[in-house]
Amino acid sequence: MFYGNQALYPKFCVPDSDLLTISPPTQALDPVDSSLIGVIICKLEMHASHSPATLRGYIAMLAVSAASRGHGVATALVKMAIDAMAQRNADEIVLETEETNIPAMRLYERLGFLRSKKLHRYYLNGNSAYRLVLLLKPTDLDASTDFALDEDDLAPR
Ligand SMILES: CC(C)(COP(=O)(O)OP(=O)(O)OC[C@H]1O[C@@H](n2cnc3c(N)ncnc32)[C@H](O)[C@@H]1OP(=O)(O)O)[C@@H](O)C(=O)NCCC(=O)NCCS
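Numbering (the numbering used here), first residue to last: 33 to 189.
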């Protein structure tokens, strides 16, 4: 991020050392005035419906202020969340994003997330979503219901 001719970078802070089990946010602050320019909110919980049970991270929210986009702030926040959840032994990280949200889809797929399922009319506005999954440990994809792609997902993109 550049201010005048000086390269400055956002400050990233994690307010609580035991984050993710109770989902407090990780924040990016403007280096000039410490205002909030980005936030990611995650949680980590056991999914007993899977066999064997999996420890699943979930990214509930990611947002960067419009003026600060395109400088890698969201990439850094997501990488911090991935690292924090991997350190806590997560098996996978999941999230949903609107199928029309190209910046978010590009960001997550660049970081290794895979489209696992299309969720038709998932949002109140009638738009569909993709569930995206980042596998942190070896997984049997054939046995996972999360990887049940619809036919229209198989069309070339
Ligand atoms: C989606 C969103 C979080 C992305 O935030 P961002 O900070 O702009 O994302 P990044 O800067 O990390 O990545 C965006 C682009 O900047 C590029 N970039 C990364 N670091 C860069 C740098 N140092 N300098 C220039 N560009 C950079 C990335 O390569 C990426 O380009 P690409 O899309 O062509 O691959 C943001 O647009 C947003 O808040 N949108 C509204 C809320 C939303 O949709 N949230 C996601 C819901 S799932």
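Virtual Cβ for every residue (Gly too), placed ideally from N, Cα, C.
Here V64 is exposed: its Cβ has fewer than 16 other Cβ atoms, across all protein chains shown, within 10 Å.
Selection Q59, K75, L151 evaluated against E124 yields K75 as nearest (Cα-Cα). Within the same chain, Cβ atoms closer than 6 Å to the Cβ of G144 are found at L166, the five residues on either side in sequence being excluded.
Looking at the backbone, the Cα of N121 and that of V71 are separated by about 23 Å. Rounded to the nearest angstrom, the gap between the Cα atoms of L68 and T86 is 33 Å. A distance of 7 Å or more separates the beta carbons of M112 and G89. The Cβ atoms of E131 and Y162 sit closer than 7 Å to each other.
A distance below 8 Å between beta-carbons, with the five flanking residues on each side excluded, links T129 to the following residues of its chain, in chain order: A136, M137, Y140, A161, Y162, L164.
Using a Cβ distance threshold of 7 Å, P42 and V110 do not count as a contacting pair. Counting along the chain, K169 sits inside no alpha helix (DSSP H), nor does DSSP assign it H or E at all.
With a cutoff of 6 Å, L61 does not count as near ligand 1, since its C-beta is closer than that to no heavy atom of the ligand.
Taking the C-beta atoms as reference points, I73 is found no nearer than 7 Å to A95. For D62, the CB contacts under 7 Å within the same chain, skipping 5 residues up- and downstream, are P42, I69 in chain order. From the listed residues L127, N157, N133, the smallest Cα separation to S148 is found for L127.
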